[in-house]
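This report concerns only the one structure given below.
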Amino acid sequence: MSIILKPVITEKATNDSEFNNRYAFYVKPTANKLEVKRAVEELYGVDVLDVKTMIYAPKYKSKYTKTGLQVGKTNKLKKAVVQVADGDVIDLYSNI
1 MSIILKPVIT
11 EKATNDSEFN
21 NRYAFYVKPT
31 ANKLEVKRAV
41 EELYGVDVLD
51 VKTMIYAPKY
61 KSKYTKTGLQ
71 VGKTNKLKKA
81 VVQVADGDVI
91 DLYSNI
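Take the sequence shown: its position 42, counting from 1, is numbered 42 in full-length UniProt numbering, and each next residue is one higher.
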């Protein structure tokens, strides 16, 4: 199973990749920075200089229905922002 789940494609992440050589990915919540660095280097063939990670807590939601109160939650997410070396580019939009 891969450590990298999917790239983050937002306006802020796209600007960061164009101007600062930083790319954002959703990763497994159990992955550490060394595993993320190794996975990005193997998958995209780039030199990784720095990895920053952040954990998003699950969000709880509730709604009232005929049968009563229904409570649920989303999954916990971990996002990694990867700084690559100058001259290296990750093409997130190509269909492989």
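Quick reminder that beta carbons are idealized off the backbone N, C-alpha and C, glycines included.
Bounding residues of the beta strand (DSSP E) (the contiguous stretch that carries residue i)
| i | result |
| --- | --- |
| residue 48 | 48-56 |
| residue 7 | 4-7 |
Endpoints, the alpha helix (DSSP H) within which residue i is located
| i | result |
| --- | --- |
| residue 40 | 33-44 |
| residue 13 | 11-20 |
Bridge partner(s) assigned by DSSP for residue i
| i | result |
| --- | --- |
| residue 62 | 71 |
| residue 77 | 56 |
| residue 106 | This structure cannot settle anything about residue 106, because the visible part of the chain is limited to 1 through 96. |
| residue 24 | 81 |
Selection from the options that minimises the alpha carbon distance to residue i
| i | options | result |
| --- | --- | --- |
| residue 74 | 58, 66, 92 | 58 |
| residue 5 | 12, 26, 20 | 26 |
| residue 9 | 3, 2, 24, 19 | 24 |
| residue 72 | 60, 64, 87 | 60 |
ask   = Counting Cβ pairs, one atom from each stretch, are 3 or more of them under 8 Å apart for the segment 78-94 and the segment 49-61?
value = Taking one beta carbon from each stretch, the segment 78-94 and the segment 49-61 have 3 or more pairs nearer than 8 Å; the two touch.
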